[in-house]
Every structure is written in C-alpha cells, then in structure tokens.
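Structure first, then comments.
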Amino acid sequence: MDDADKAQIDIEHAIQHKLAQHRTLFDGPDVDLSECVECGAHISEARRKAIHNCRTCIDCQQRIEAKA
Ligand SMILES: [Zn+2]
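Here it is as structure tokens:
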C-alpha cells in the first residue's frame, strides 16, 4: 500500500464519518427531543413534527439563528 492508497482510505473514513453524523442529524426516530437541549423547556409535539430533529425550543432556536 502506498501513500496515495492510504490517503484514499483516510478520505473514505472521513466521508463515512460525515455520513454517520449526517444520519444522526436528519434520520432516525429517536433524535426528536421533547425538551430543549439549551434550556430544558418542553417542545410542543406540533413543533417536533414540523421540524425534524428539533432539539431546541422556539426561543432558543431564534437565539441560535440570530447568532449565526
Ligand atoms: Zn430552549
């Protein structure tokens, strides 16, 4: 195995890692949270249904978006 092969494997590992992270963000039944990760406030079911992988309440989401 030469350096180019090793580099290729590193890239593939990095991609796999990214994909795995992506999956946890956008798929899976258990990532919707009923409580805000920022402040612990209850997140309404309507909001959780509207926003997949919703992790924050509306207040915190707006705060985060304002920062970004
Ligand atoms: Zn919150």
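Under full-length UniProt numbering, the first residue of the sequence shown carries the number 1, and numbering increases by one thereafter. Note that the Cβ used here is the ideal one computed from N, Cα and C, for glycine as well.
**Report entry** Under the three-state DSSP convention, the category E35 falls into
**Finding:** Here E35 sits in strand by DSSP.
Query raised in the report: When you compare only the Cα positions, how much space is there between K6 and Q21?
Result: If you take the alpha carbons of K6 and Q21, they lie about 23 angstroms apart.
Requested in this report: Could you tell me whether the Cβ atoms of C54 and C39 are closer together than 8 angstroms?
Outcome: Taking 8 angstroms as the cut-off, the Cβ atoms of C54 and C39 do not count as close.
Query raised in the report: Under the rule that 16 or more other beta-carbon atoms within 10 Å means buried, what is I43, buried or exposed?
Result: Classification of I43: buried, given that the 10 Å Cβ count is 16 or more.
Report task. May I have all residues whose beta carbon comes closer than 6 angstroms to any heavy atom of ligand 1, sorted in chain order? Result -> If you measure from each CB to the nearest heavy atom of ligand 1, the residues under 6 angstroms come out as C36, E38, C39, A41, T56, C57, D59, C60.
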